[in-house]
Ligand code: ADP
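This is the structure:
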């Protein structure tokens, strides 16, 4: 058994994802998922070594779900009493202006996360449930919150402040908070280590079902595409990304839609889903190959938006040294990477087709030695990043 471990918890409204991490080696010793909490039938999937243990049963609430997870650890290993867990790390999406790094979960910090619910209505209430049950069931282990927004807390004011009336913006805390910060920080940090430089101008493309871009100079984020909420920026699986806010007025006045309907439309029924009927990029690609015009258009819209952001962020930084692809689409979709890099040829980007096509769990440099920008595919590891950040407070 390793010397010390961190249990990382990502609590959603109807699910809990977890991973037992060795923060020193980076290994995941076990991982799993509680799903369909509150439904008639739920499930707990616990993975350890190469085995997968599935329990199908109703999971009425987060407390029951987590107690079942602890039972599965005891039954199938690794036994938590022997795992030397030194911290529980909780992912929290919205940290507002309060947190620029991880925070030990005291009653006061929990109350602040609760205060931030209006700014993170889809996420913070679910995180709070996970935090509450973990603090009860594992009361002897320090618990740490790691915020998705922390890496973007120190964005330059010119990037964080919208051109909105100052008094209104300040009264309602409207500014760019960003999201996926743990991933952007981890990935840009790994690239700095790989290239042995701490002064790089970097763009990180986190392309998953949710997708965001960041511009990072040295170890500091200077821009990011998600805003007040994760709706802004790139075209995503189900989200519009950037759209003229006047579309909201128009849909209310002319379309007779309610605010809740528009919220649902923009966050769940738009993006690739709204453009093609499918949110999963693999399906969109399959449709493209069948000649489906909506899918071809959607991919062009997706690539166009990416091209705009890379150009804009290169301008903001006054140059670009490293461009990195990560998350589900970024790590797996070689065609999309090639298509974007082709659009970036004007910057001097050239990629090696063979390296780009290689599938690997390890980072792969896909640019040629002649390329003016180092292009890398680097798997993100938010759990490891959360575990390591949690440890800094122990
Ligand atoms: P999230 O954490 O935001 O849910 P992920 O980073 O896990 O998302 O990415 C999930 C997405 O990755 C899927 O919706 C799918 O579109 C995409 N994806 C996964 N594998 C592939 C692949 N081989 N080719 C293209 N897209 C893929």
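Residue numbers (full-length UniProt numbering): 1 to 394. All C-beta atoms in this analysis are idealised placements derived from N, C-alpha and C, irrespective of residue type, glycine included. These numbers come from a predicted model, not from an experiment.
Closest to residue 77 by CA distance: which of 292, 379, 197 and 31 is it?
Walking along the chain shown from the start, residue 77 turns up at place 77. Distances from the CA of residue 77 to each of 292, 379, 197 and 31 were compared; the closest alpha carbon is that of 31.
Short Cβ contact (7 Å threshold) for residue 150 with residue 95
In the chain shown, residue 150 corresponds to position 150, counting from 1. In the chain shown, residue 95 corresponds to position 95, counting from 1. Yes. Within cutoff.
In this structure, how does DSSP classify residue 152 when only helix, strand and coil are distinguished?
Residue 152 sits at position 152 when you count from the first residue of the chain shown. In the structure shown, residue 152 adopts helical secondary structure according to DSSP, grouped into three states.
For residue 254, count neighbouring C-beta atoms within 10 Å of its own C-beta (all shown protein chains included) and say buried if the count is 16 or more, exposed if not.
By 1-based counting over the chain shown, the position of residue 254 is 254. Per the 10 Å Cβ criterion, exposed.
Beta-carbon proximity list for residue 190, same chain, < 8 Å, skipping 5 on both sides:
In the chain shown, the residue the question calls residue 190 occupies position 190. If we look at residue 190 and ignore the five residues flanking it on each side, its Cβ neighbours are 363 and 378.
Note down the Cα distance separating residue 387 from residue 260, rounded to an integer number of angstroms.
The residue labelled residue 387 in the question sits at position 387 within the chain shown. The residue labelled residue 260 in the question sits at position 260 within the chain shown. Cα to Cα, residue 387 sits roughly 36 Å from residue 260.
Compare the beta carbon distance of residue 380 and residue 183 with 7 Å and say whether it is the shorter of the two.
Taking the first residue of the chain shown as 1, we reach residue 380 at position 380. Taking the first residue of the chain shown as 1, we reach residue 183 at position 183. Contact flag set, yes.
Quick check: residue 11 and residue 35, are their CB atoms within less than 7 Å of each other?
Residue 11 sits at position 11 when you count from the first residue of the chain shown. Residue 35 sits at position 35 when you count from the first residue of the chain shown. Residue 35 is positioned such that its CB atom lies no closer than 7 Å to that of residue 11.
Could you pull out every residue in the same chain whose Cβ sits closer than 7 Å to the Cβ of residue 66, ignoring the five residues on either side in sequence?
By one-based count along the chain shown, residue 66 stands at place 66. Non-local beta-carbon contacts of residue 66 in its own chain, meaning distances under 7 Å to residues more than five positions away in sequence, involve 16, 133, 134 and 137 in chain order.
For residue 267, is the beta carbon positioned less than 6 Å from some heavy atom of ligand 1?
Here residue 267 refers to the residue found at position 267 of the chain shown. Between ligand 1 and residue 267, a heavy atom-to-CB distance of less than 6 Å is absent.
How would you label residue 356, buried or exposed, when you count the other beta carbons within 10 angstroms and need 16 or more for buried?
By 1-based counting over the chain shown, the position of residue 356 is 356. Label assigned to residue 356: buried.
In this structure, how does DSSP classify residue 380 when only helix, strand and coil are distinguished?
Your numbering for residue 380 matches position 380 in the chain shown. Residue 380: coil per DSSP, three-state reduction.
Can you list the alpha helix (DSSP H) stretches of 4 or more residues lying completely in the region 34 to 61, in chain order?
Segments of the alpha helix (DSSP H) lying fully in the region 34 to 61: there are none.
Exposed or buried, residue 367, counting other C-beta atoms within 10 Å across all chains shown (16 or more means buried)?
In the chain shown, counting from the first residue as 1, residue 367 sits at position 367. Residue 367 comes out buried.
Label residue 54 either buried or exposed according to how many other C-beta atoms from any shown protein chain fall within 10 Å of its C-beta, with 16 as the threshold for buried.
Position 54 of the chain shown, counted from the start, is the residue given in the question as residue 54. So residue 54 counts as exposed.
Minimum length 4: unbroken alpha helix (DSSP H) runs contained in the region 61 to 93
If we require 4 residues or more, the alpha helix (DSSP H) runs fully inside the region 61 to 93 come out as 62 to 76.
Three-state secondary structure (DSSP) at residue 325?
Position 325 of the chain shown, counted from the first residue, corresponds to residue 325. If DSSP states are grouped into helix, strand and coil, residue 325 belongs with the strands.
List the residues that DSSP assigns as beta-bridge partners of residue 397.
Outside the displayed range of the chain (1 to 394) lies residue 397, so it cannot be described from this structure.
Could you check which residue in 248, 21, 186 and 229 has the C-alpha nearest to that of residue 450?
Here the chain covers residues 1 to 394 and nothing more, so residue 450 does not appear.
As a quick exercise: from 246, 276 and 272, pick the residue whose alpha carbon is nearest that of residue 262.
One-based indexing of the chain shown puts residue 262 at position 262. Closest by alpha carbon: 246.
Figure out for me which residue from 139, 165, 351 and 3 has the closest Cα to the Cα of residue 458.
Given a span of 1 to 394 for the chain in the structure shown, any question on residue 458 remains unanswerable.
Per DSSP, what are the beta-bridge partners of residue 188 in this structure?
As a working note, residue 188 is residue 188 in the chain shown. Beta-bridge pairing links residue 188 to no other residue.
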